[in-house]
Amino acid sequence: MRSGTDNPLLEIVLHSGDDYVLEAFREYLRELDVAVNLDRRIQVQSLCFVPVKVPTALHEEMAKFFISARCSRDAVASAASAGTVVRSHPVVDNDVL
Numbered sequence: 017m018r019s020g021t022d023n024p025l026l027e028i029v030l031h032s033g034d035d036y037v038l039e040a041f042r043e044y045l046r047e048l049d050v051a052v053n054l055d056r057r058i059q060v061q062s063l064c065f066v067p068v069k070v071p072t073a074l075h076e077e078m079a080k081f082f083i084s085a086r087c088s089r090d091a092v093a094s095a096a097s098a099g100t101v102v103r104s105h106p107v108v109d110n111d112v113l
């Protein structure tokens with residue numbers, strides 16, 4: 017992501033607006049010392065759009081919330097042992113940047 021600041025405004029999309037998901041996300045960001053105002057979120061059916069400023073140095077750490085929320089360690093280990101490629105970073109198309 018290109019930005020002129022080390023603390024860019026991001027739009028995080030959660031695939032659930034359930035209270036427990038929002039509170040887990042807020043708590044995770046609190047552990048990273050990142051404030052999030054969930055009152056500014058926009059809910060569209062099952063998608064929840066949350067604006068938050070996250071220092072670029074913490075982008076990868078923040079992404080771990082989504083990895084841990086989606087799969088357990090056993091699922092990742094099982095996929096790896098089956099020969100499935102498990103990526104820790106998304107593939108980025110440089111033409112879009």
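To get the numbering used here, take the position in the sequence shown, counting from 1, and add 16. Backbone N, C-alpha and C fix where the C-beta goes; we use that ideal spot for every residue, glycine too.
- DSSP links Gln61 through a beta bridge to no other residue.
- For Val52, no alpha helix (DSSP H) run applies, since DSSP gives it neither H nor E.
- Linking Val29 to Gly20 through their CA atoms gives a straight-line distance of about 22 Å.
- Each residue's CA atom was taken as its position, placing Leu25 and Ser32 some 21 Å apart.
- In the DSSP annotation of this structure, the continuous segment of the beta strand (DSSP E) that includes Val29 starts and ends at Leu25 to Leu30.
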